[in-house]
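Single-structure report; data block below.
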Ligand code: MN
């Protein structure tokens, strides 16, 4: 059964960090979420004033942050002394777990800065696990070539095409996330099996696309939630299309969020605030 468009979560212009301009879809207005996805930001600008101030030191607890850089250069530093350079095409997959205090600062003063930051929830039993992260460079992200001239970058999970399985560098996460970046030339088609147990959405960032059965135009700069089914079927328009595909198993657990802390109960949030204010937030 082909999945159709179920809900559209528009990306609303906002700013975060020290004034970085971005569009927030999931997790924005009314905190509309798609379990286990908590938030999706798209940042895209050619004007350094929109991004140079970056995201100075701030905490996270209870979930994972995934940054995918389409264009630009960001430096990540955390309280453990880790330092990572996120460059064009690279991904940082950070598990905040019990707690991380980090900064995310643009390393450029001109040109385009473009990409996504996605927050994925952790199950209750993993929210207090030690923090960790993986920096994945562009050359370590496998890309499947399609016969129609398109390509599929596999960041998390697997993509199967013409009998070949392409596995992304991110594997073994409890919510079994799938993260693809699909590029299609004009009028090219794309199909992929997404098991019915997974919640899924796509976000088109270039060109135009239609999807479903029957096909329906996909709005741009919005998280487009897919309905019931086990297959995504899409077709690029006259401009071709570039879009990300995300899917994961829902957790079905209560969520209590206070900014960058996402826990299951109010007591756990109060604990996070208390830990942060009293220097007990992170494991030294
Ligand atoms: Mn952060």
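In my numbering, the protein residues as written are 240 to 523. All C-beta atoms, glycine included, are put in the ideal place defined by N, C-alpha and C.
Where the alpha helix (DSSP H) containing residue i begins and where it ends
{"i": "residue 251", "result": "Note, residue 251: premise wrong, no alpha helix (DSSP H); beta strand (DSSP E) at 251–255."}
{"i": "residue 432", "result": "Run containing residue 432: none in the alpha helix (DSSP H); it sits in the beta strand (DSSP E), 428–432."}
{"i": "residue 514", "result": "505–516"}
Cβ pair residue i, residue j closer than 7 angstroms
{"i": "residue 242", "j": "residue 471", "result": "yes"}
{"i": "residue 464", "j": "residue 318", "result": "no"}
{"i": "residue 473", "j": "residue 500", "result": "no"}
{"i": "residue 442", "j": "residue 394", "result": "no"}
{"i": "residue 478", "j": "residue 446", "result": "yes"}
{"i": "residue 336", "j": "residue 362", "result": "no"}
{"i": "residue 458", "j": "residue 247", "result": "yes"}
{"i": "residue 512", "j": "residue 495", "result": "no"}
{"i": "residue 306", "j": "residue 347", "result": "no"}
{"i": "residue 480", "j": "residue 250", "result": "no"}
{"i": "residue 316", "j": "residue 342", "result": "yes"}
{"i": "residue 344", "j": "residue 325", "result": "no"}
{"i": "residue 360", "j": "residue 277", "result": "yes"}
{"i": "residue 466", "j": "residue 245", "result": "yes"}
{"i": "residue 409", "j": "residue 392", "result": "no"}
{"i": "residue 469", "j": "residue 240", "result": "yes"}
{"i": "residue 388", "j": "residue 425", "result": "no"}
{"i": "residue 371", "j": "residue 405", "result": "no"}
{"i": "residue 292", "j": "residue 257", "result": "yes"}
{"i": "residue 366", "j": "residue 411", "result": "no"}
{"i": "residue 304", "j": "residue 358", "result": "yes"}
{"i": "residue 390", "j": "residue 422", "result": "yes"}
8 angstroms contact criterion, which residue i and residue j should meet: CB distance rounded
{"i": "residue 503", "j": "residue 493", "result": "5 angstroms"}
{"i": "residue 295", "j": "residue 339", "result": "Contact flag wrong, Cβ pair sits at about 14 angstroms."}
{"i": "residue 355", "j": "residue 289", "result": "Incorrect: roughly 16 angstroms between the Cβ atoms, too far for contact."}
{"i": "residue 427", "j": "residue 400", "result": "Incorrect: roughly 13 angstroms between the Cβ atoms, too far for contact."}
{"i": "residue 311", "j": "residue 327", "result": "7 angstroms"}
{"i": "residue 485", "j": "residue 440", "result": "6 angstroms"}
{"i": "residue 320", "j": "residue 375", "result": "Not quite, the Cβ-Cβ distance comes to about 20 angstroms (not below 8 angstroms), so this is no contact."}
{"i": "residue 414", "j": "residue 275", "result": "5 angstroms"}
DSSP bridge partner residues for residue i (one or two, in chain order)
{"i": "residue 280", "result": "263 and 356"}
{"i": "residue 460", "result": "Residue 460 is not bridged to any residue."}
{"i": "residue 491", "result": "Answer is none; residue 491 lacks a bridge partner."}
{"i": "residue 446", "result": "480"}
{"i": "residue 474", "result": "449"}
{"i": "residue 403", "result": "400"}
{"i": "residue 380", "result": "BP columns for residue 380 are empty, so no partner."}
{"i": "residue 304", "result": "333 and 358"}
{"i": "residue 409", "result": "395"}
{"i": "residue 496", "result": "501"}
{"i": "residue 438", "result": "487"}
{"i": "residue 273", "result": "276"}
First and last residue of the uninterrupted beta strand (DSSP E) at residue i
{"i": "residue 317", "result": "312–317"}
{"i": "residue 372", "result": "371–375"}
{"i": "residue 325", "result": "322–326"}
{"i": "residue 343", "result": "339–345"}
{"i": "residue 423", "result": "417–423"}
{"i": "residue 525", "result": "Any question about residue 525 goes unanswered here, given that the chain covers just 240 to 523."}
{"i": "residue 296", "result": "294–299"}
Any C-beta of chain C under 7 angstroms from that of residue i
{"i": "residue 274", "result": "The chain labelled as chain C is not found in the depicted structure, where only one protein chain is given."}
Cβ-heavy atom distance, residue i to ligand 2, below 6 angstroms
{"i": "residue 477", "result": "Within the structure as shown, ligand 2 is missing, the only ligands being ligand 1."}
Review point. In chain order, what residues place their C-beta within less than 6 angstroms of a heavy atom belonging to ligand 1?
Key: 294, 297, 299, 304, 341 and 343
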